[in-house]
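Here the structure is laid out as structure tokens; the discussion comes afterwards.
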Amino acid sequence: MKVLLTGSAGFIGGAIAEALTARGAEVVGVDLMLPQAHGATAAPEGTHVLDVRDAGAWSRVFAGVDLVCHQAAMVGAGVRVADLPDYAAHNDLGTAALLAAMHRHGVDRLVMASSMVVYGEGRYRCPEHGDRRPGPRAIVDLEDGSFDNRCPDCGRALDWALVVEEAPLDPRSGYAASKVAQEHYASAWARQAGGAAVALRYHNVYGPGMPRNTPYSGVAAMFRSSLERDEAPRVFEDGGQVRDFVHVHDVARANVLAIEQLAGSAAESGMRTFNVCSGEPISIGEVAGLICQGSGRTGIDPVVTGEFRAGDVRHVVASPRRAADELGFVAEVAPAEGLRAFATAPLRA
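Under UniProt numbering, think of the first position of the sequence shown as 1, with each following residue one higher.
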């Protein structure tokens with residue numbers, strides 16, 4: 001099997017390339033080498049450097065390709081409004097250009113990186129009134145330190161519950177909007193071209209090789225970078241935000257399972273979505289604490305700042321059941337173990 005892997009030089013792409021090669025697949029690596037993710041690092045030997053947004057540039061890499069694993073994307077929390085054109089260009093135009101090239105070259109199998117950010121807020125329940133879907137939190141409440149979503153009927157703080165893949169998509173940031181658009185393009189391609197697609201909705205991915213000292217990485221890497229500067233990790237809100245942190249090696253394994261399933265002759269046309277998560281929810285405050293513990297540094301503890309970002313959501317934790325039932329994917333690295341180890345893992349310069 002010959003797999004075209006976009007974003008192959010990146011943090012996640014590199015782990016997928018290694019896992020695919022170990023399973024005997026031939027990997028054709030493609031990357032744009034964005035400075036936000038790669039810094040001044042040169043492309044690894046054998047990587048095709050091309051602009052994913054240029055539909056004509058893809059022709060030279062498709063010879064003999066059976067399936068595409070699409071990881072190339074600009075990531076992050078949407079730090080500035082000025083980032084919006086870059087998210088639209090790299091994530092959405094780049095995906096559309098790739099899909100058009102796939103159709104031209106007769107490649108009809110796609111595994112694609114998506115994200116839990118497509119859900120916006122997670123699923124919430126009121127002890128008295130059941131499921132409730134809150135709107136965006138009011139800035140005035142966040143400024144007052146009132147971070148929880150509340151039941152519109154009784155005013156109680158809502159409890160989080162597991163989000164399933166059928167949940168409505170409700171992006172709350174520029175990055176999130178671009179990931180929803182990527183999924184829609186892939187779904188439209190599958191219908192129009194008769195292709196088979198899998199979108200893997202990653203939760204908070206961490207592990208060796210993450211970029212350091214950049215807001216376009218993940219929060220775990222930002223905490224780690226603070227410790228390297230002998231600074232306390234700064235935890236926004238009250239630290240009680242609940243997320244799921246999944247190790248990069250588990251994410252790579254989920255991709256391999258999806259690729260092997262799609263490579264089978266019985267793969268049906270259309271698109272299927274899967275949450276890729278550890279199944280062990282954890283608060284952001286706990287994440288910072290585990291990384292501090294693992295670092296071995298004494299006298300540096302997380303600082304809960306009460307700061308907030310308007311595009312952030314309170315809780316989002318998803319169900320891993322569909323991935324387990326249909327792909328056979330169950331995470332192997334528990335956050336309590338993996339985050340401590342991450343504190344001393346090598347990062348990308």
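Where a beta carbon is used, it is the ideal one built from N, C-alpha and C, also for glycine.
- The shortest CA-to-CA distance from Glu183 to any of Gly338, Met222, Val118 and Phe342 is the one to Val118.
- For Ser115, the uninterrupted beta strand (DSSP E) run begins and ends at Arg109 to Ser115, by DSSP.
- Closest in C-alpha terms to Ala161, from the list Asp66, Val242 and Ala334, comes Val242.
- Of the residues assessed, Pro152 falls on the exposed side of the cut-off, its CB having fewer than 16 other CB atoms within 10 angstroms.
- DSSP, reduced to helix, strand and coil, places Leu98 within a helical segment of the structure shown.
- Close CB contacts of Asp83 within its chain, under the 7 Å cut and outside five residues either way in sequence, are with Gly174 (chain order).
- Sequence-distant Cβ neighbours of Ser187 in its own chain, meaning closer than 6 Å and more than five residues away, are Met271.
- In the displayed model, Arg123 falls within a strand according to three-state DSSP.
- For Phe236, DSSP records no beta bridge to any residue.
- Under the rule that a run must span 4 or more residues, the alpha helix (DSSP H) segments found entirely inside the stretch 250 to 324 read 284 to 295.
- Beta-carbon to beta-carbon, Val65 and Leu4 are separated by about 5 Å, close enough to satisfy the 8 Å threshold.
- Of the residues Gly7, Ala345, Asp230 and Ala167, the one whose Cα lies closest to the Cα of Gly294 is Ala345.
- Gly328 sits away from Leu227, with the two beta carbons spaced by 9 Å or more.
- Secondary structure at His129: coil, using DSSP grouped into helix, strand and coil.
- For Gly29, the beta-bridge partners assigned by DSSP are Leu5.
- Taken in chain order, the complete alpha helix (DSSP H) segments of 4 residues or longer contained in the stretch 134 to 215 are 139 to 143 and 174 to 193.
- Within the same chain, no residue comes within 7 Å of Val81 by CB-CB distance, once the 5 residues on both sides are set aside.
- Between the stretch 138 to 153 and the stretch 276 to 285 there are fewer than three inter-stretch CB-CB distances shorter than 8 Å, so the stretches are not counted as touching.
- Under the DSSP assignment, Leu327 falls outside any alpha helix (DSSP H); it carries neither an H nor an E label.
- In this structure, DSSP gives Arg23 a state outside helix and strand, which the three-state scheme calls coil.
- Between Ser59 and Ala101, the alpha-carbon positions lie close to 7 Å from each other.
- Counting along the chain, Val68 sits inside the beta strand (DSSP E) bounded by residues Leu67 to His70.
- Per the coordinates, the alpha-carbon of Val107 lies some 6 Å from the alpha-carbon of Leu67.
- Taking the Cβ atoms as the reference, Gly10 lies roughly 7 Å from Asp31, within the contact range of under 8 Å.
- Here Leu339 really is in contact with Leu290; their C-beta atoms are around 4 Å apart, less than 8 Å.
- By the Cβ neighbour-count rule, Val330 is exposed, with fewer than 16 other Cβ atoms within 10 Å of its own.
- For Phe245, the uninterrupted beta strand (DSSP E) segment begins and ends at Phe245 to His247.
- In the DSSP assignment, Glu337 falls within the alpha helix (DSSP H) that extends over Pro335 to Phe342.
- Around the beta-carbon of His129, fewer than 16 other beta-carbon atoms lie within 10 Å, marking it exposed.
- Buried is the label assigned to Pro335, since at least 16 other Cβ atoms lie within 10 Å of its Cβ.
- The stretch 202 to 218 makes contact with the stretch 246 to 256; the number of CB pairs closer than 8 Å reaches 3 or more.
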